[in-house]
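Following: one structure in structure tokens, then a few remarks.
In full-length UniProt numbering, the protein residues as written are 1 to 1119.
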């Protein structure tokens, strides 16, 4: 093949380009030019090779034997017989090229530049127009939701259990709920508390001056007119509930306990707090409001922080109860809270109170409002990235025409990708992570632009005979290189699409589609921009300045094949700068660093030490224990989170306490009807039809379960981490049936029953009541209260007697109080339609509670908090609870033996599963990325040696990025896991471009190929890295921690990628890269090509035979 090629080049161009075929040791030979114009000049050249032959005998080095053979052949004026055939084959190959579809398309681009540009531009504009049309028709084309990130395992039992309990009240079958059965007073139910924490500049907040300032602030917030419309109302004092604050110990709220608690001027702080800490009724308030390191003694009163809570209430005016059109109520409440406190508290956080007290605040409505606003502000940073990309492309191309339409194409590709994502893939979610894809594609899109444009400029030096050939060769080289990088990057994104977490999978799908759409756009749309630029805008410089005469700059690119041409290489300043960069990469950098023996050994040593260091850190990576953090250090939301985490001990009333619910009557939530991307779909409630507290033994079994929980041995209580009350030192377990048992056993109740029995002349006046309550017990209760219960309406088939006793206890005999407020939200039921007229049996029960109990829960407060829950500890406690509840359920009779445990308030158990999935997803993303990248590299380069060197470099980049996470003090959380799934896809670009450039070079030696690779590809790699680094740097100005950390990740990943690509990969390939056909897999390509040609030849032969046969038939017919 080499012999044929050199003969063809010599016969066509009259130039013998020995650079393509010489070994490393021929670098000292002066072979610049080597144009054979006459016999005398050729003799000089041959003389040089004669000297070389004496110094390096052919038998000692196979790489130059052919040249000596061909040199003697040309010197003697002889040629081999195959020369004419090789020339004929080459000509045939060129003719075949003109018949390919790609060449025909290139011809169309060149011959119809305006038409093709208009068509491709119209296609890009259609992306925007179609999107706008769908939006105007109210189609949800941008289903964005930035309030939070959906990171739930929708099919996991911990999630389905939580959903079952949280959404059961919205099931139409649960038509009687304690919280809705009785009329609710306006804003009587606590909702959405506002938490305030005060921190002095000194180390003690418990001073008279500080408490007076805090009093003024809380009065200002309390009297806010917007707050007065949504505050929780205290109907005993007929006004808004005062803040839960240490100030209540001084304003007389507890004066009924002791007159010491009336000190509005804060003159007796020590006496008040010492007394409050001793009394059972005030001890919990002190524990909640002061930090856990506070000191209360006769000698010292000291606390660094002070906490208060201001409560809002439901139902709002115009609503029947807190569950009535709850979504509307919650939205109204959110808007009012934002109006009341958002600006006020933001200013107070920045300015402080009186100059010496800082205030922090926490409320979920204010939190989500701040996130939504900040996301909008951070999105403006994409404008900075876009301006940078625009300026850099303009600087690189020197053409405003190319720059403008290139950036326009990148922008419109977002709309095209979204159409595919939204309609074809039917995704109905765009979240916070999708914003990150904007910064990614700006860099990737610009990288593809540079690859195509720089390939075009490099091809100008080859002086093609026509523009069609120029475009054809540009497209063939650039599209191949872009395909490899785009395919591997998209594959890495699609690898994250396998994640069951919607926030991660949807981002992977969208980004993968975006990469593919951008690749297709650059291949279809951008060539028309280049061709129109060549015809109509090439002579216009960026600032319309006059051209400068190009100075003669000789680079290795000048040593290319000459031919007849109708267009010249560019002579503008940008082209000169471009050629200087190419010249520096191909000569100074290649010879002075990459191929220099001492420097490359030093580079390998340094990179090895660095890689080992990062590997050591990578091994130490740990999963993130905390929930997702949105805000960085120095913001209110971050600061209050860590103050609560480190300085406060949550009590049972704390908003961050993990509460474990043991639930009967429900099964796993059914989400089969939910759309696969609708994370807000609540699914369908599945009731346990076997659950019935009237079944024999069920009441006693549940009662025993509660007693077991409340009387656990210290070791068992520690395993389950059940909290002990600060006031009573008892385990905090809220059990309805135990309270029922105590109520019915109480002397007050029994004395009341005896009075009614005597009053109604009942015979059994000594009857007592307790759990379990039988049918006869409850009938006796009903007979005792004939004004409440009409027992004559009962029939023999009526069976729901337990519900009668439950309703009586819950409403305290018709006067709801403590029991109702505490336990009503833990149960629900529906009308019993199994017998007769439901109205009659409602009267028979007399209860203001429903006929049939459908679900009920027992709640235990743990000593764990959501913000402090470590993964290892959480998994252990969660497993202990699952084991405990499962074991206890096996002891229960049918009808109440299918209960389960869950944490429905903050999804704590579920978050543990999410953390495990994130860790697994990160590993899976890296493995899939590497497994996809290696075969793609080998197949596209058709050289397994180059593929191995490339994948080794990518692996080193991946290790460095993983090691960077613990080095920066981060742990493996949501964003870090997402980043790791993308690291392979993002780090593969530059290595692949260089590998592709190496194998495309027709030179024999690795040194020559390395120079060619750096000269022809290095400039594109540098430009692509610069744009991505510049675009990601704007993300460092973001306040949302997602965006900020992602900016650091992208910046470091691209930084590692470009450094490892230009140092490690180039040194490896220059040191021991394949020469000639070493490591090549071209035989596979040749096999399929020959097979294809054979089939084509057979078809051609058959066509000729058919034509001959038809012609013979026609001649016979004529005869």
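We put the CB at the ideal spot given by N, CA and C, even for glycine. It should be emphasised that the depicted structure is a prediction, and the values quoted were computed from it without experimental measurement.
query, result
"Residue 1035: buried (16+ other C-beta within 10 angstroms of its C-beta) or exposed?", "buried"
"Where residue 983 and residue 1051 are concerned, what is the direct C-alpha to C-alpha distance, given to the nearest angstrom?", "11 Å"
"Could you give the C-beta distance for residue 140 and residue 326, rounded to a whole number, given that I count them as a contact under 8 Å?", "In fact, because the Cβ distance is near 23 Å, the residues do not count as touching under 8 Å."
"When you compare only the Cα positions, how much space is there between residue 623 and residue 966?", "10 Å"
"For a test of the three-state rule: what should DSSP assign to residue 193, helix, strand or coil?", "strand"
"Using CA atoms only, rank isn't needed, just tell me which of 103, 165, 611 and 118 is closest to residue 855.", "165"
"Closest to residue 669 by C-alpha separation, out of 723, 682, 1078 and 1063, would be which residue?", "682"
"My assumption, with CB atoms under 8 Å, is that residue 773 sits in contact with residue 802. Please give the rounded CB distance.", "7 Å"
"Less than 7 Å between C-beta atoms, sequence neighbours within five positions excluded: which residues of the same chain meet that for residue 146?", "371, 372, 375, 431 and 432"
"Can you list, in chain order, the residues of its chain whose CB lies under 7 Å from that of residue 852, leaving out five sequence neighbours each side?", "800, 803, 829, 830 and 832"
"Have a look at residue 192 and residue 232 and give me their C-alpha separation to the nearest angstrom.", "10 Å"
"In terms of alpha-carbon separation, which member of 599, 466 and 508 lies closest to residue 534?", "466"
"Going by DSSP, name the residue or residues bridged to residue 200.", "357"
"For residue 220, would you say it is in contact with chain B, using Cβ-to-Cβ distances shorter than 7 Å as the test?", "Annotation note: the requested chain B is absent from the structure, which comprises a single protein chain."
"How about residue 912 and residue 875: are their beta carbons less than 7 Å apart?", "yes"
"When the Cα of residue 538 is compared with those of 646, 621, 399 and 475, which residue comes out closest?", "399"
"If distances are taken between C-alpha atoms only, which option among 955, 1009, 915 and 958 comes closest to residue 975?", "915"
"Measuring alpha carbon to alpha carbon, tell me which residue in 676, 736, 175 and 728 is nearest residue 425.", "676"
"With distances taken between CB atoms, is the gap from residue 881 to residue 720 smaller than 7 Å?", "yes"
"For the stretch 253-333, which segments carrying the beta strand (DSSP E) assignment without a break, of at least 3 residues, lie completely within its bounds, in sequence order?", "306-314"
"Are residue 1069 and residue 1025 close, meaning C-beta to C-beta below 7 Å?", "no"
"On the DSSP bridge assignment, give the partners of residue 401 in chain order.", "Partner(s): none; residue 401 has no beta bridge."
"Whole angstroms is fine: what's the gap from residue 226's alpha carbon to residue 972's?", "42 Å"
"Taking the alpha carbon of residue 934 as the reference point, which residue from 992, 887, 1101 and 877 has its own alpha carbon closest?", "992"
"Check whether the Cβ atoms of residue 514 and residue 437 lie closer than 7 Å to each other.", "yes"
"Should residue 301 and residue 206 be called a contact, given that it needs their Cβ atoms to be closer than 7 Å?", "yes"
"Determine the DSSP secondary structure at residue 1104, reduced to helix, strand or coil.", "helix"
"Tell me which residue opens and which closes the alpha helix (DSSP H) that residue 808 is part of.", "802-810"
"Would you tell me roughly how many angstroms separate the C-alpha atoms of residue 930 and residue 938, rounded to the nearest one?", "12 Å"
"Quick one: Cα of residue 396 to Cα of residue 406, how far?", "12 Å"
"For my contact list, residue 657 and residue 865 are in at a C-beta cut-off of 8 Å; report their separation, rounded to the angstrom.", "6 Å"
"Using C-beta distances below 7 Å, list every residue in its chain close to residue 703, excluding the 5 sequence neighbours before and after it, in chain order.", "737, 738, 741 and 771"
"Here's the rule I'm using: 16 or more other beta-carbon atoms within 10 Å means buried, otherwise exposed. How should residue 235 be labelled?", "exposed"
"Apart from the five residues just before and just after residue 1008, which ones in its own chain have a Cβ nearer than 6 Å to its Cβ?", "none"
"Can you have a look at residue 755 and say buried or exposed, based on whether 16 or more other CB atoms are within 10 angstroms of its CB?", "exposed"
"Please classify residue 412: does DSSP put it in a helix, a strand, or coil?", "helix"
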